[in-house]
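Trainee: Right, I'll just put the structure down here and ask away after.
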Amino acid sequence: MTMKHRWFWIAAILILWATSALGETIFLKTGEVIKGKIVRADQNAISIESDKGFGVIQVKREDIITIEFDQNERDISRFFGLGYFHRIVPLRIDSLGLTFGIDAISLKMWFSSKRAAEILFGYYTASGSGKNYDALYLEGRYTQVFSRRAKLDMYWGFGAGIVDITDDSRGISESGTTLEAFLGAESFFTAMPNLSISTEIGINIQEVGSNTSSTIIAPALVVRYYF
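Residue numbers for the sequence shown follow numbering that gives the first Met the number 0, beginning at 0 and rising by one.
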C-alpha cells in the first residue's frame with residue numbers, strides 16, 4: 000500500500016468515526032433528498048442508512064450537491080471539545096515592556112445547543128535580544144451562539160483569567176488578571192462534523208503588577224475536535 004493510499008484510508012476511518020452519531024441530509028442533483036445516518040464513505044461514494052426504513056443507500060459523490068448535518072440541537076456525542084487556541088496578535092504590558100503570545104490548550108463543554116463554557120491554559124516563553132521571560136495564562140470563558148446556519152455558528156462571549164509573568168534577566172515576577180470580550184465564528188467540516196475551526200476578534204484588558212494595564216484588539220484562531 001502506497002503512502003498516498005494509506006493516508007486516504009486513515010482519513011476515511013476518521014470520517015466514519017466523526018459522523019457515526021449524527022443525522023445527515025443529502026441533496027442530490029436529481030432533486031431527491033435522502034435523510035439518515037452515514038455509515039460508510041470513500042472517495043467515490045457515500046453509504047447512508049435511510050431513516051425511512053429503506054435500508055442502506057449508496058450514493059455516488061458526483062451525484063451529490065451538498066450534505067447538511069442536523070444542528071437544530073447539538074448532539075450529545077459532541078458536547079466536549081479539545082483544541083488548540085492561538086492568539087494571532089501578542090498581548091502587551093506596556094509598563095513592563097513585555098509582549099506575550101498565547102498558545103493554549105482549549106477545553107470546551109456545551110451545556111445546551113447554544114451555551115458553552117471553556118478553559119484556556121497557555122504558556123509562552125521568549126529568549127534572545129535582551130529578552131528572557133516566561134508567561135503562564137489561565138482563562139475561563141463563556142460562549143453564547145446567536146446565529147446558526149448549516150455548519151456555521153456565530154457567537155459572542157466573555158472571559159476572565161490570571162496571567163503570571165517572569166523575567167529573570169530583569170528581576171520581574173508579576174501576576175495579575177485579564178478580562179476579555181469577543182465575537183467569533185465556528186465552522187464545522189461537511190465530511191468531519193466533529194472537527195471545527197474558529198476565528199475570533201476581541202478586546203483584552205490586563206492588570207499585571209502595580210498600575211500596569213493594556214487594552215488591545217486581539218484576533219485568535221482555534222482548531223477543535225469534539226467527542
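Heads up, the beta-carbon is just placed ideally off N, CA and C, and yes, glycines get one too.
A quick note: this is a predicted structure, and the numbers were derived from the prediction, not measured.
Does the Cβ-Cβ distance between T198 and E138 come in under 8 Å?
Mentor: no
Trainee: Can you give, in chain order, each stretch of the beta strand (DSSP E) that sits fully within the stretch 85–119 and has at least 3 residues?
Mentor: 97–109
Trainee: May I ask you to report which of helix, strand or coil DSSP gives E31?
Mentor: coil
Trainee: From S212 to A219, what distance separates their C-alpha atoms?
Mentor: Approximately 20 Å between the Cα atoms of the pair.
Trainee: Can you tell me whether I64 is buried or exposed, with buried defined as 16 or more other CB within 10 angstroms of its CB?
Mentor: exposed
Trainee: In the DSSP assignment, find the unbroken beta strand (DSSP E) run with A184 in it and report its ends.
Mentor: I171 to F187
Trainee: Determine the extent of the beta strand (DSSP E) in which I152 is found, giving its start and end residues.
Mentor: Going by the sequence as given, residue 152 is Asp instead of Ile. Element bounds for D152: L151 to D166.
Trainee: Helix or strand or just coil, what does DSSP make of D133?
Mentor: strand
Trainee: Does the Cβ of Q205 have 16 or more other Cβ atoms within 10 Å, making it buried, or fewer, making it exposed?
Mentor: Label assigned to Q205: buried.
Trainee: If you draw a straight line from the alpha carbon of G160 to that of N43, how long is it in whole angstroms?
Mentor: 48 Å
Trainee: Tell me where the beta strand (DSSP E) around E61 begins and ends.
Mentor: Premise fails: E61 is in no beta strand (DSSP E) and is neither H nor E.
Trainee: What are the boundary residues of the beta strand (DSSP E) that includes N203?
Mentor: Counting along the chain, the unbroken beta strand (DSSP E) around N203 starts and ends at L194 to V207.
Trainee: Quick one: grab the DSSP three-state call for A40.
Mentor: strand
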